[in-house]
Amino acid sequence: VMQELGLVGLRIQRMPNESDLEFGIPSQYSYMTVCAPSCHDCSTLRAWWEEDEERRQRFFKNVMESDELPPDQCVPEVAH
320 VMQELGLVGL RIQRMPNESD LEFGIPSQYS YMTVCAPSCH DCSTLRAWWE
370 EDEERRQRFF KNVMESDELP PDQCVPEVAH
């Protein structure tokens, strides 16, 4: 189905294909790649964000490129 729609692939941001990365970087994916923050094999974005403080901080710094502390809750600004 994905080939019929012209989609290159599906990537789950917290399960990157690259073994040296903890998180996928959507801006580095091919143009027609679908990216999702989670899937049926992992917790929802909100649950993960609120349960894993250390990983949340690394995500906020490395993916969102922020030196500030991330919010404790997965507020709309984070999910967008």
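Read left to right, the sequence shown gives residues 320 to 399 (the numbering used here).
Glycine included, each C-beta is placed from N, C-alpha and C at the ideal position.
For Leu364, the enclosing alpha helix (DSSP H) has its first and last residue at Leu364 to Glu370. Counting along the chain, Val397 sits inside the alpha helix (DSSP H) bounded by residues Pro395 to Ala398. Taking C-beta atoms as the reference points, Val382 and Phe342 count as a pair closer than 8 Å.
With contact defined as three or more Cβ pairs closer than 8 Å, the stretch 364-372 and the stretch 338-352 are not in contact.
Distance from the CA of Met351 to the CA of Leu326, rounded to the nearest whole angstrom, comes to 5 Å.
The continuous beta strand (DSSP E) containing Val353 extends over residues Thr352 to Ala355. A residue is called buried once 16 or more other Cβ atoms fall within 10 Å of its Cβ, and Gln332 is buried on that count.
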